[in-house]
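Reviewing the structure listed below.
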Amino acid sequence: MGSEGIRVRGLEREFKGGIRAVDGIDLDVAPGEIYGFLGPNGAGKSTTVLMLVTLLPPTGGSATVAGFDVASRGADVRRMIGAALQEAALDDFLTGWEHMDLQGGLHGMNRQQARTRGGELLDRVGLSDAADRKVGGYSGGMKRRLDLALALIHRPRVLFLDEPTTGLDPQSRSALWTEVERLAREEGVTVFLTTQYLEEADVLAGRVGIIDRGRIVAEGTPSALKAQIGHVSLEAVPVRPDDRERLRAALAPFGEPAAHSPRGEAVRLGGGAEQLADVVRALDTAGIDVAELQLHQPSLDDVFLEKTGRSLEGTDDDEAAAPEPSAA
Ligand SMILES: Nc1ncnc2c1ncn2[C@@H]1O[C@H](COP(=O)(O)OP(=O)(O)OP(=O)(O)O)[C@@H](O)[C@H]1O
Ligand SMILES: [Mg+2]
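Residue numbers 1 to 328, in UniProt numbering, belong to the letters of the sequence shown in order.
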C-alpha cells in the first residue's frame with residue numbers, strides 16, 4: 001500500500017462493559033481513492049474513524065494512515081490528515097475567519113498564510129459572504145461546510161469525513177459531494193467517508209465497505225457488490241391496505257421476499273424482469289387493485305439485506321436514524 005493510503009488489520013475497540021464497537025476489521029484504501037464506510041446507527045463507523053485519526057486508542061489490531069502507525073506515530077499521522085468528525089467542533093462565538101486563523105495557527109501557519117489559504121477554502125465551500133459572521137448564526141449545512149474547509153487548511157493527504165452530509169438539504173449534499181470528488185480526482189487526496197446513505201456511497205465511493213455490529217460484512221465497488229446480488233425485485237403497493245396479506249401471498253410464487261416500502265410488498269424475481277407480465281396477471285386474477293408497481297434494480301440495501309438479514313434503511317436498533325431534512 002502506498003504511503004498515502006490507509007491499511008487496517010484486525011482493528012478492534014472494546015469499550016468498558018464489553019461492547020466490541022469494532023470487532024476485528026481489515027481494510028485497505030489506496031492513495032487518491034474514496035472509500036465509503038457504510039452502516040446503520042451504532043455499527044462502529046465513528047469508533048473506527050476516531051481510532052484512525054488517533055483520538056481513540058485501539059484495543060487490538062493495527063492501522064497505518066499515510067504510512068504511519070496510529071498507535072506509535074500519532075503526531076505524524078495527525079500532520080498528514082484532515083478530519084471533519086460527526087460532532088463538528090466549532091465555537092458559536094467565533095466567526096468563520098476566526099476559526100480559520102485558529103486552525104492555521106494549530107498547523108503552524110502564520111496569520112498571512114492562514115488568511116490566504118483560509119480565503120481560498122471559504123470561497124470554495126461557498127462561505128465567503130458569511131465568513132465575518134459568528135458561527136452561532138450558521139445553518140447546519142454551513143457549519144458542515146466550514147468544518148470541511150477547516151479540515152483542509154494544511155492540505156492533508158488523507159481526509160476523514162464522518163457522516164458529512166447527515167442533515168443537509170439535497171443541494172448542500174450534492175455541493176459537498178462535488179467538492180469531495182474534486183479533492184480526490186484533482187488533488188489526489190485519499191478520502192475515508194462514513195455514511196448511512198446508500199446513495200452517497202453509490203455516487204461517491206470507488207469502493208464501499210459495509211459495517212454491521214463492528215464487522216465488515218461486504219466490501220467492493222458498488223457495482224460489484226450489486227452484481228453479487230444480481231436480481232431485480234418487484235414491489236407492489238395495494239390500493240386497499242387490507243389487501244397486504246393477499247398481495248404477499250400472490251407474490252410469493254415469484255420469489256423470495258425483498259426489501260419494500262412501508263405500504264408495499266416486494267419479491268426478488270427469480271426469473272428476472274420478464275416475469276413482470278406474469279405477476280400482473282396473477283394480481284389481476286386475485287382481484288388485487290394495485291396503486292403502484294415498480295421494478296428495483298439491485299441496490300446496496302439489497303447487499304446489506306443479503307449479508308445481514310436486515311434492511312439498512314429503516315434499521316431501528318437502539319437510536320432512531322437522523323431525521324431527513326424536510327423540504328424548505
Ligand atoms: N465512548 C463509548 N463508550 C461506550 N460505548 C461506546 C462509546 N462510543 C461508542 N460506543 C458504542 O459503540 C458502538 C458503535 O458506536 P459508533 O459511534 O462507532 O457507531 P456509528 O456507526 O458511528 O453510529 P452512528 O451512525 O449512529 O453515528 C455503539 O454500540 C455505541 O453505543
Ligand atoms: Mg457515528
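Ideal Cβ positions, reconstructed from N, Cα and C, are used throughout, including at glycine. Note that the structure is predicted; figures quoted are calculated from it, not measured.
A check of alpha carbon separations from Val-180 across Pro-170, Leu-198, Asp-169, Leu-161 identifies Leu-161 as the nearest. According to the DSSP secondary-structure assignment, Asp-28 is paired through a beta bridge with Arg-7. Proximity annotation: ligand 2 has residues Lys-45, Ser-46, Gln-86, Asp-162, Glu-163, Thr-194 in chain order, each selected because its CB is closer than 7 Å to a heavy atom of the ligand.
Under the 8 Å Cβ criterion, the segment 92-100 does not count as touching the segment 170-177, having fewer than three qualifying pairs. Distances between the C-beta of Gly-42 and the heavy atoms of ligand 1 include at least one below 7 Å.
Taken through DSSP and simplified to helix, strand or coil, Ser-139 comes out as coil.
If you check the C-beta of Gly-39 against ligand 1, you find a heavy atom less than 7 Å away. Relative to ligand 1, the nearest heavy atom lies less than 7 Å away from the CB of Phe-15. Considering only Ala-43, Asp-242, Arg-73, the residue with the shortest C-alpha distance to Ile-25 is Ala-43. Looking only at Ala-266, Arg-9, Ser-299, Tyr-35, the smallest Cα-Cα distance to Arg-244 is reached by Ala-266.
With contacts defined by Cβ atoms closer than 8 Å, Ser-62 and Gly-10 form a contacting pair. Comparing alpha carbon positions, the residue from Arg-7, Lys-134, Arg-115, Gly-287 closest to Phe-93 is Lys-134. Setting aside the 5 residues that flank it on each side, Leu-85 is surrounded in the same chain by Asp-162, each with a C-beta closer than 6 Å to its C-beta; the list follows chain order.
For the pair Gln-196 and Arg-215, the Cα-to-Cα distance works out to about 15 Å. If the five residues before and after Ile-288 are omitted, its C-beta is found closer than 7 Å to the C-beta atoms of Pro-238, Asp-243, Arg-246, Leu-247, Ala-250, all from its own chain and listed in chain order. DSSP places Phe-15 outside both helix and strand once states are collapsed to three, so it counts as coil.
For Ser-261, the closest alpha carbon among the candidates Leu-276, Ala-282, Asp-301 is that of Asp-301. When DSSP states are grouped into helix, strand and coil, Ile-216 belongs to the strand group. Ligand 1 has a heavy atom closer than 7 Å to the beta-carbon of Ala-21.
A residue is called buried when at least 16 other Cβ atoms come within 10 angstroms of its Cβ; Pro-58 meets this threshold and is buried. Exclusion of Gln-294 from the 7 Å shell around ligand 1 follows from its C-beta lying no nearer than that to any non-hydrogen atom of the ligand. Taking all protein chains in view, the Cβ of Gln-103 is crowded by 16 or more other Cβ atoms within 10 Å, so the residue is classified as buried.
Distance from the C-beta of Gln-171 to the nearest heavy atom of ligand 1 is not below 7 Å. C-alpha of Leu-152 to C-alpha of Ala-258: approximately 42 Å in a straight line.
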